Amino acid sequence: MLCATPLNSPDFSTLTDRELEVLRLLGRGGSNRQMARWLGITERTTKAHISRIIEKLKITGRIEAIFLANYYHDALCTSAGCTSGLPKGQ
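Counting in this note's numbering, the sequence shown runs from 120 upward without gaps.
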């Protein structure tokens, strides 16, 4: 029998503002290329941010980061106008 275990809340305070922004976009399904365009950075920099997010949160990979971004959306998105993290018109 499989049992669900409660999630330990990740320490998002270890992430920079830019890493939080990338995590929110990642949670919305953005590709590295899309996120780079939206943030005005290179795709390589986007990949570096994702790698640091995975390392800092002590998770196994991108899929887990996407899950956490969605599961903890309310904690990650503190602005009143935040609905998706996507730039306007997306």
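The beta-carbon is built from N, C-alpha and C at its ideal position, and this holds for glycine as well. Because the structure is a prediction, the values reported are computed rather than measured.
Identity of the residue in the options nearest residue i by Cα
| i | options | result |
| --- | --- | --- |
| S170 | Y190, G180 and E162 | G180 |
| T133 | H192, K177, C196 and E183 | K177 |
| F186 | T197, R156 and G146 | G146 |
| T135 | H168, C196, A188 and R156 | H168 |
Exposed unless 16 or more other CB atoms sit within 10 angstroms - verdict on residue i
| i | result |
| --- | --- |
| I172 | buried |
| G213 | The requested residue 213 does not occur in the structure, where the chain is confined to residues 120 to 209. |
| A194 | exposed |
Contact belief for residue i with residue j at Cβ below 8 Å, rounded distance in angstroms
| i | j | result |
| --- | --- | --- |
| M154 | L142 | Wrong, their Cβ atoms sit about 10 Å apart, outside the cutoff. |
| A151 | K166 | Sequence check: residue 151 is Asn here, not Ala. Confirmed, Cβ separation roughly 6 Å. |
| L158 | E183 | At roughly 21 Å, the Cβ-Cβ gap does not stay under 8 Å, so L158 and E183 are not in contact. |
Near the ligand GTP: residue i beta-carbon under 6 Å from a heavy atom
| i | result |
| --- | --- |
| R152 | This structure simply doesn't include the ligand GTP, nor any ligand for that matter. |
Inside the stretch 123-189 only - beta strand (DSSP E) runs reaching at least 3 residues = none
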